[in-house]
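Asks: First the structure, then my questions, so here it is.
Numbering (our numbering), first residue to last: 3 to 216.
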């Protein structure tokens with residue numbers, strides 16, 4: 003086996019103090035043994051996004067330094083991380099809200115649901131990462147009073163703690179039909195419109211963007 007030794011001081015000098023301080027949170031956010039990974043987005047692509055969007059470092063720093071402080075969707079930290087998530091999925095996007103980016107990407111550019119960014123509600127992942135990064139950073143102290151994972155995107159059952167993926171029902175359950183048409187005719191969709199046949203109104207997911215009269 004071949005081993006490569008890297009001098010930690012050299013790494014520190016190369017990255018700088020600001021980036022080094024937030025590496026625990028970045029590691030948790032991009033997948034570790036406890037947290038999950040964004041589908042199709044590994045650490046390398048996330049790192050490249052970070053390099054191209056250095057302004058998010060401040061948000062990462064706040065998330066890392068505020069030990070065991072959950073972030074709701076209205077917090078500045080959450081907004082920065084949400085912007086970072088958008089950039090991971092589309093480096094050229096002007097959107098900083100994942101729900102808006104989802105609507106733009108589907109169905110115009112991305113056909114597979116699993117390739118879309120998570121919804122804002124599903125970004126409870128942020129709080130699981132805050133909790134895990136806090137465990138690591140606070141572990142340097144002689145005594146750490148870690149709060150319950152409850153409230154940090156975790157739920158306890160008889161079998162242990164499990165991540166809360168989302169608190170809203172899946173679209174396939176919430177909607178009577180998940181149907182979109184490919185009609186381009188405006189103001190009236192063509193006679194073979196999938197939505198019209200199903201007795202549903204066209205929506206923003208359709209090629210007509212719901213602007214027709216079907």
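Backbone N, C-alpha and C define an ideal beta-carbon position, used for all residues, glycine too.
Taking the runs of the alpha helix (DSSP H) that are 4 residues or longer, which of them lie wholly in the segment 82-137?
Replies: 100-107
Asks: Going along the chain, which residues of its own chain have a beta-carbon closer than 8 Å to the beta-carbon of residue 78, five neighbours each way excluded?
Replies: Here residue 78 is taken as the residue at index 76 of the chain shown, counted from 1. Excluding sequence neighbours, residue 78 sits near 61, 64.
Asks: Please state the DSSP three-state secondary structure of residue 158.
Replies: Stepping through the chain shown from its first residue, residue 158 is reached at position 156. Of the three classes helix, strand and coil, the one that applies to residue 158 here is strand, per DSSP.
Asks: Look at the alpha carbon of residue 29 and the alpha carbon of residue 162, and state the distance between them as a whole number of angstroms.
Replies: Taking the first residue of the chain shown as 1, we reach residue 29 at position 27. Taking the first residue of the chain shown as 1, we reach residue 162 at position 160. Taking the straight line from one Cα to the other gives about 23 Å.
Asks: Only counting the same chain, and skipping five residues up and downstream in sequence, which positions put a Cβ closer than 6 Å to that of residue 168?
Replies: Mapped onto the chain shown, residue 168 falls at position 166. Excluding sequence neighbours, residue 168 sits near 123, 124.
Asks: What's the C-alpha gap between residue 10 and residue 129?
Replies: Taking the first residue of the chain shown as position 1, residue 10 is located at position 8. Taking the first residue of the chain shown as position 1, residue 129 is located at position 127. Rounded to the nearest angstrom, the gap between the Cα atoms of residue 10 and residue 129 is 28 Å.
Asks: Whole angstroms is fine: what's the gap from residue 17's alpha carbon to residue 99's?
Replies: Translated into the one-based positions of the chain shown, residue 17 becomes position 15. Translated into the one-based positions of the chain shown, residue 99 becomes position 97. Spanning the two alpha carbons is a distance of roughly 28 Å.
Asks: Is residue 152 helix, strand or coil by DSSP?
Replies: Looking up residue 152 in the chain shown gives position 150. Three-state result, residue 152: strand.
Asks: If you run the structure through DSSP and keep just helix, strand and coil, what is residue 165?
Replies: Along the chain shown, one-based indexing puts residue 165 at 163. In this structure, residue 165 counts as strand in the three-state DSSP scheme.
Asks: Which residue's Cα is closest to the Cα of residue 53: 21, 108, 193?
Replies: Taking the first residue of the chain shown as 1, we reach residue 53 at position 51. The shortest Cα separation from residue 53 among 21, 108, 193 belongs to 21.
Asks: Given a cut-off of 8 Å, decide if residue 138 and residue 26 are closer than it, judged by their beta-carbon atoms.
Replies: For this step, residue 26 is matched to residue 24 along the chain shown. For this step, residue 138 is matched to residue 136 along the chain shown. Yes, they are a contact pair.
Asks: If I'm right that residue 136 touches residue 69 with Cβ under 8 Å, what's the distance once you round it to whole angstroms?
Replies: On the chain shown, residue 136 is found 134 positions in, with the first residue counted as 1. On the chain shown, residue 69 is found 67 positions in, with the first residue counted as 1. Indeed they touch by this definition, with Cβ atoms about 4 Å apart.
Asks: With distances taken from CA atoms, which of 140, 84, 4, 8 is nearest residue 23?
Replies: Counting from one through the chain shown, the residue named residue 23 turns up at place 21. For the residues 140, 84, 4, 8, the minimum Cα distance to residue 23 belongs to 140.
Asks: Can you name, in chain order, every residue of its own chain whose Cβ lies under 8 Å from the Cβ of residue 39, other than the five neighbours on each side?
Replies: The residue you call residue 39 lines up with position 37 of the chain shown. Closer than 8 Å at the Cβ level, and outside the excluded window around residue 39, lie 32, 33.
Asks: How close, in whole Å, do the beta carbons of residue 133 and residue 108 come, if the pair is a contact with beta carbons under 8 Å?
Replies: Taking the chain shown and counting its residues from 1, one reaches residue 133 at position 131. Taking the chain shown and counting its residues from 1, one reaches residue 108 at position 106. In fact, because the Cβ distance is near 31 Å, the residues do not count as touching under 8 Å.
Asks: Taking buried to mean at least 16 other C-beta atoms within 10 Å of its own C-beta, is residue 260 buried or exposed?
Replies: Residue 260 lies beyond the residue range present for the chain, which begins at 3 and ends at 216; the question has no answer from this structure.
Asks: Measuring alpha carbon to alpha carbon, tell me which of 96, 94, 120, 80 ends up nearest residue 104.
Replies: Position 102 of the chain shown holds residue 104. Nearest C-alpha to residue 104: 120.
Asks: Keeping to the same chain, check which residues put their C-beta closer than 6 Å to that of residue 164; ignore five residues upstream and five downstream.
Replies: Residue mapping note: residue 164 aligns to position 162 of the chain shown, counting from 1. 157.
Asks: Identify the continuous alpha helix (DSSP H) that holds residue 25 and give its terminal residues.
Replies: What you label residue 25 is simply residue 23 of the chain shown in a count that begins at 1. Here the alpha helix (DSSP H) through residue 25 covers 19-31.
Asks: Decide if residue 176 is buried, meaning its Cβ has at least 16 other Cβ atoms within 10 Å, or exposed.
Replies: Counted from its first residue, the chain shown places residue 176 at position 174. Residue confidence for residue 176 is low, a pLDDT of 49 falling below 50, so the modelled location carries little weight and cannot support an answer.
Asks: Cβ of residue 51 within 8 Å of Cβ of residue 3?
Replies: For the purposes of this step, residue 51 is identified with residue 49 of the chain shown, where counting begins at 1. For the purposes of this step, residue 3 is identified with residue 1 of the chain shown, where counting begins at 1. Not in contact: residue 51 and residue 3 (Cβ atoms no closer than 8 Å).
Asks: For residue 73, which residues of its own chain have a beta-carbon under 8 Å away from its beta-carbon, when the five flanking residues on both sides are left out?
Replies: Counted from its first residue, the chain shown places residue 73 at position 71. 65, 79, 80, 83, 128, 129, 132.
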